[in-house]
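Engineer:
2 protein chains.
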Amino acid sequence: MARPRKTVTLKEVAREAGVSISTVSRALNDQPFVRDEVRDRVLTASKALSYRPDVAARSMRTGTTGAVGLVVSDISNPLFAAIAKAADETLSPRGYALMIANSSNDASHEAELMRAFQQRRLDGLIIAAADEGAAGLAERIADFQAAVLLDRDVPEAQADSVLSDHRTGLTDALQHLVDLGHERIALITGTASQRGSRVRIQTYFDACRRLKVACEPALCRSEQMTVDDGYQSVSEVLDLPEPPTAIIAGNNQLFAGLFAAIRDRGLRIPEDLSIVACEETELTALHRPPLDVVRRDLAELGRAAAELLLERIDEPTRAPRQILLPTVFEARASSDRPPAELAA
Amino acid sequence: MARPRKTVTLKEVAREAGVSISTVSRALNDQPFVRDEVRDRVLTASKALSYRPDVAARSMRTGTTGAVGLVVSDISNPLFAAIAKAADETLSPRGYALMIANSSNDASHEAELMRAFQQRRLDGLIIAAADEGAAGLAERIADFQAAVLLDRDVPEAQADSVLSDHRTGLTDALQHLVDLGHERIALITGTASQRGSRVRIQTYFDACRRLKVACEPALCRSEQMTVDDGYQSVSEVLDLPEPPTAIIAGNNQLFAGLFAAIRDRGLRIPEDLSIVACEETELTALHRPPLDVVRRDLAELGRAAAELLLERIDEPTRAPRQILLPTVFEARASSDRPPAELAA
DNA sequence: GTGAAAGCGCTAACAC
DNA sequence: GTGTTAGCGCTTTCAC
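These protein sequence lines map, in sequence, to chains L and S. So the first sequence is residues 1 to 344, counted in the working numbering. So the second sequence is residues 1001 to 1344, counted in the working numbering.
(1) Can you give the Cα-Cα distance for residue 1018/S and residue 1034/S, rounded to whole angstroms?
(2) Return the chain-ordered list of same chain residues with a C-beta closer than 6 Å to the C-beta of residue 1134/S, the five sequence neighbours on each side being excluded.
(3) Anything in chain S within Cβ reach of residue 273/L, meaning under 8 Å, just list it in chain order.
(4) I'd like to check one pair, residue 78/L with residue 284/L: are the Cβ atoms closer than 8 Å?
(5) Would you say residue 1308/S faces chain L, with C-beta separation under 8 Å as the test?
(6) Do residue 124/L and residue 162/L have their C-beta atoms within less than 8 Å of each other?
(7) Do residue 1248/S and residue 1276/S have their C-beta atoms closer together than 8 Å?
(8) To the nearest whole angstrom, what separates the beta carbons of residue 1341/S and residue 1292/S, a pair I think is in contact under 8 Å?
(9) At a CB-CB cut-off below 9 Å, which residues of chain L make contact with residue 1121/S?
(10) Can you list, in chain order, the residues of its chain whose CB lies under 6 Å from that of residue 1083/S, leaving out five sequence neighbours each side?
(11) Determine whether the beta carbon atoms of residue 1154/S and residue 1129/S lie at a separation below 8 Å.
(12) Between residue 160/L and residue 312/L, which are expected to be in contact by the criterion C-beta below 8 Å, what is the C-beta distance as a whole number of angstroms?
(13) Could you have a look at residue 1262/S and say whether DSSP puts it in helix, strand or coil?
(14) Bridge partners of residue 330/L, per DSSP?
(15) Please list the residues of the segment 90-112 of chain L that have a C-beta atom closer than 8 Å to any C-beta atom in chain S, keeping them in chain order.
(16) Please report the Cβ distance between residue 215/L and residue 221/L, rounded to the nearest whole angstrom; I am assuming they are in contact, meaning their Cβ atoms lie under 8 Å.
(17) Taking CB distances under 8 Å as the criterion, tell me whether residue 1225/S reaches chain L.
(18) From residue 231/L to residue 253/L, what distance separates their C-alpha atoms?
(19) Taking the DSSP output, what are the residues bridged to residue 1023/S?
(20) Quick check on residue 114/L: does DSSP put it in helix, strand or coil?
(21) Residues bridged to residue 102/L by DSSP?
(22) Assuming the contact rule is C-beta atoms closer than 8 Å, residue 1190/S and residue 1102/S should be a hit. Round their C-beta distance to whole Å, please.
(23) Between residue 177/L and chain S, is there a C-beta pair that is closer than 8 Å?
(24) Write down the C-beta distance between residue 199/L and residue 166/L rounded to the nearest angstrom, noting that I regard them as a contact closer than 8 Å.
(25) Could you pull the start and end residues of the beta strand (DSSP E) that residue 1124/S belongs to?
(26) With DSSP collapsed to three states, give me the class of residue 9/L.
(27) Which whole runs of the alpha helix (DSSP H) in the segment 194-252 of chain L are 4 residues long or more, in chain order?
(28) On a Cα-Cα basis, can you pick out the residue from 1139/S, 1168/S, 1131/S, 1136/S that is closest to residue 1150/S?
(29) Compare the C-alpha of residue 229/L against each of 188/L, 305/L, 181/L, 75/L and name the closest.
(30) Ignoring anything shorter than 4 residues, give me the alpha helix (DSSP H) runs that lie fully in the segment 1165-1194 of chain S, in order along the chain.
(31) Pick helix, strand or coil for residue 161/L, following the three-state DSSP scheme.
(32) Verify the CB distance criterion: does residue 78/L have a CB-CB separation below 8 Å to chain S?
(33) How should residue 1351/S be labelled, buried or exposed, when 16 other C-beta atoms within 10 angstroms of its C-beta is the threshold for buried?
(34) For my contact list, residue 1321/S and residue 54/L are in at a C-beta cut-off of 8 Å; report their separation, rounded to the angstrom.
(35) Considering just the uninterrupted stretch of the alpha helix (DSSP H) at residue 345/L, what are its terminal residues?
(36) Rounding to the nearest angstrom, what Cα-Cα distance links residue 1242/S and residue 1195/S in this structure?
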């Protein structure tokens, strides 16, 4: 079972440098009370043998590992890449390595991944949990010395969090559509077990009621978040006796499904149907006509999460903090007056 | 410095169960020679205290960590997500956790990440190196007990590798364009320090020569691989005295740049210009008209890499193996006869 | 300033 | 079958 390791240890460096193990340790860790001459000798020996400290052994003594984890619910979502990149760029100058794991939106796999990270004694965790209501999630989060929730709401976990203000962007989008004359607007969004979708649903009903437009449950779909789900939901909504004249997709996967569905039906944008995407992607950025979008700064999200985590690691007892980042609606050319008005 | 860890140890479980530490270890690791009654007692105690083994301590003894690393050159490339997912799905049933890290195509950051993984004594590494020619890369790879290269060529590393047969798909694409009557075809591809681009360049010149069409260096661009690079290269190629009538983009980022450039110039596809993308993405899949594409099975790539790695871990001395996976050209509707012929 | 030695949590000989 | 014990490589008292 035990696999051999041809690893250079402190002991060998010590022998090479002609000093004791503890002196090597001190010299290598920039501690005081080492003569410069000795320090040089140690450094030379260490370099010569290409010594690499064993993190496992060190962390057994110190309790720290210099690594933090990122668990994302869906790695195939390109948005996450921007977040991971920004987090990495914040953490790595501070000496932390970022380890990413993917739950594929499966709460039980996610639990396993968290356990794997926890057993590796990572110094912290940034997590976009698949299901905020999963049994034991708060405890699993609390197992970490430091944890930051990524646009998730798990009150019992008492963790720091970075949240997007989905309400503002979506409200502006709805206002824009209503201003154009739309009275039946559909929202296709993801599972209510994630904060983003929950807020969108709430916002949708609030705004529709306030703006005095159709506010029917049939026009607001909350499903899983795959492309296929989006396709299916859009199809059903368009088959309603009174179909909507505008559709908002709550995330990029659903938007891809929406896009495919209207393409397959031969609908023109925006003449036959107005559409709005939440999240900027390659598709929304490059399409002609330009597509209306509710954007947010994902790099800022990742950066803020990483910074919150670092602060928490430094100061474990501080009260949990939330950071709320804006979303912005950007009108482009995928919305227009509703078809009935256009015909008139 | 030392951060306290409120961790349940074997010792405490042993006390709780009223047995010795080693018995607990045996019981928990499904080893023989433990009475069922005792095993049950241990399991109960372990559960009651919610004992979690310390991977660092264990790995210090066994030399294994149960974790493997994946280093990608660009996490913002959605293709990698499919690979990572497939690799994860192969590894996790076998008890391995996959840790992903992103080099952002920066060879020195990549070296750091590899060091971080190596110091954590990961059992293996799957890597899509940013620069095949980076100094010391082969040594860094050899530092790992097991390593698999992902579509990269680093002969000195003597590692296993999973490669895509870029030649076949691209050759078929070129043949298709030439059959349509194109005589000036441009290739926009990435840095020659990665196998994929190198093969494409070679294939391009080989095929153009064989097919007796224009084969000028000015039509073959090898740059970095960002969207902006693609945009820039395409612009330059289209500004040539004799511009191409068809353009092939060597990856999805470059394709996005290509797409943006022709959109900004108001060129119609395929009437004004024929285009082919390497790699299927949201954009190529959803666009109207459907876009010609050179596809490959990314999940298979990830799966094969993971399997190769597992085999290597089990059998460290085996001779290195390569697996070559196909690419397929799929003609859709973004290629047509060249503009001159269409006008005729 | 430097070395000797303890011990982090665990597994694997080796006793019994 | 079960307990005792010796380290894995490292940091950190504590002597000197």
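Even glycine gets a Cβ: it sits at the ideal position worked out from N, Cα and C.
Structural biologist: A quick look at the data gives this:
(1) CA-CA distance, residue 1018/S to residue 1034/S, rounds to 14 Å.
(2) Hits under 6 Å: 1107.
(3) The contacting residues do not exist; residue 273/L stays about 15 Å from chain S at best.
(4) In this structure, residue 284/L keeps its C-beta atom at 8 Å or more from the C-beta atom of residue 78/L.
(5) False, the Cβ-Cβ gap to chain L never drops below 8 Å.
(6) A distance of 8 Å or more separates the beta carbons of residue 124/L and residue 162/L.
(7) Less than 8 Å separates the beta-carbon of residue 1248/S from that of residue 1276/S.
(8) For residue 1341/S against residue 1292/S, the beta-carbon gap comes to about 18 Å, at or over 8 Å, which does not count as contact.
(9) Those within 9 Å of residue 1121/S in chain L are 5, 7, 54, 55, 56.
(10) For residue 1083/S, where only same-chain residues beyond five positions count, the Cβ hits under 6 Å are 1298, 1301, 1302.
(11) Cβ distance < 8 Å, so residue 1154/S and residue 1129/S count as in contact.
(12) Contact flag correct, Cβ pair sits at about 6 Å.
(13) Residue 1262/S: helix per DSSP, three-state reduction.
(14) Answer is 293/L, bridged to residue 330/L.
(15) Within the segment 90-112 of chain L, the residues whose Cβ lies closer than 8 Å to some Cβ of chain S are 92, 97, 98, 99, 100, 101, 102, 104, 109, 112, listed in chain order.
(16) The pair is not a contact, with the Cβ atoms about 14 Å apart (cut-off 8 Å).
(17) The C-beta of residue 1225/S comes no closer than 8 Å to any C-beta of chain L.
(18) Residue 231/L and residue 253/L have their alpha carbons spaced roughly 10 Å apart.
(19) None, per the DSSP bridge assignment.
(20) Helix, per DSSP.
(21) DSSP, once it has assigned bridges, lists 72/L as partnering residue 102/L.
(22) Actually they are not in contact, since the Cβ atoms of residue 1190/S and residue 1102/S sit about 17 Å apart, beyond 8 Å.
(23) For residue 177/L, the answer is no, since every Cβ of chain S falls outside 8 Å of its Cβ.
(24) Residue 199/L to residue 166/L, Cβ: 4 Å. Contact.
(25) Run containing residue 1124/S: 1124-1127, per the beta strand (DSSP E) assignment.
(26) DSSP, reduced to helix, strand and coil, places residue 9/L outside both helices and strands of the structure shown, so it counts as coil.
(27) Whole alpha helix (DSSP H) segments, 4+ residues: 195-211, 227-238.
(28) Of the listed residues, the one whose Cα sits closest to residue 1150/S is 1131/S.
(29) Measuring from the Cα of residue 229/L, the nearest candidate turns out to be 188/L.
(30) Listed in chain order, the complete alpha helix (DSSP H) runs (minimum 4 residues) inside the segment 1165-1194 of chain S are 1166-1180.
(31) Residue 161/L falls in the strand class under three-state DSSP.
(32) True, the Cβ-Cβ gap to chain S drops below 8 Å.
(33) Nothing about residue 1351/S can be reported from this structure: the residues present for chain S run from 1001 to 1344 only.
(34) With 8 Å as the limit, residue 1321/S and residue 54/L do not qualify as a contact, their Cβ atoms being about 30 Å apart.
(35) The structure shown does not extend to residue 345/L, since chain L is modelled only from 1 through 344, so no value can be given for it.
(36) Roughly 29 Å between the two C-alpha positions.
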